[in-house]
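Q: First residue of the sequence shown? That's -9 in my numbering, and the numbers climb one at a time after it. Glycine included, each C-beta is placed from N, C-alpha and C at the ideal position. Just dropping this structure here.
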Amino acid sequence: MGNGGSREPENQGDFITILSIDGGGVRGIIPSEVLSALESKLQKLDEDNKDARIADYFDFIAGTSTGGLMTAMLTAPNEKKRPLFAAKDISKFYQEKSPIFFPNEAGKSLLKAHETIPFSVTEGDVRISDPDPEVTKQLLTM
């Protein structure tokens, strides 16, 4: 099981699961929302572990730059050797700390854009629902 996992996998055969989280500075708000939705979905699916964390499902978790920060948050153990942070904590962390870590107008405008982009979780996947074309352009040109 991944870092912080509380039990061993039943039978994964020869599979090794790897989660790689890209960097991107303040744009980390986007993968943090996806990770939060994934963890929420895993908690609904795993009837034996309603406090399931992403680290329970991956053998290795790695990240570059801001993805490394997310990796640390997903795998840092608490006193019970369980992940200290939930994936939903990452988004809140970025919203609160990004102006400190990324003190330019681009970072502030991306956080403002995040407030206007509705994320939705469907049975099959995570989607950004009808993003404003100007916000999308702003995100892609940063």
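1) Pick from L25, S10, I6, T7: whose alpha carbon is nearest that of K82?
2) According to DSSP, is L9 helix, strand or coil?
3) Can you tell me the Cα-Cα spacing of K78 and I6, whole angstroms?
4) Tell me whether G53 sits in a helix, a strand or coil according to DSSP, three-state version.
5) Would you say I11 and D49 are within 8 Å of each other, going by their C-beta atoms?
6) Express the C-alpha separation of I44 and D4 in angstroms, rounding to a whole number.
A: Based on what the coordinates show:
1) Walking along the sequence shown from the start, residue 82 turns up at place 92. The shortest C-alpha separation from K82 is found at L25.
2) Mapped onto the sequence shown, residue 9 falls at position 19. Reduced to three states, the DSSP call for L9 is strand.
3) Here residue 78 refers to the residue found at position 88 of the sequence shown. Here residue 6 refers to the residue found at position 16 of the sequence shown. Approximately 25 Å, taken between the alpha carbons.
4) One-based indexing of the sequence shown puts residue 53 at position 63. DSSP places G53 in strand when its eight states are reduced to three.
5) Within the sequence shown, residue 11 is the residue found at index 21, counting from 1. Within the sequence shown, residue 49 is the residue found at index 59, counting from 1. In this structure, D49 does not lie closer than 8 Å to I11 by Cβ.
6) In the sequence shown, residue 4 corresponds to position 14, counting from 1. In the sequence shown, residue 44 corresponds to position 54, counting from 1. Rounded to the nearest angstrom, the two C-alpha atoms are 20 Å apart.
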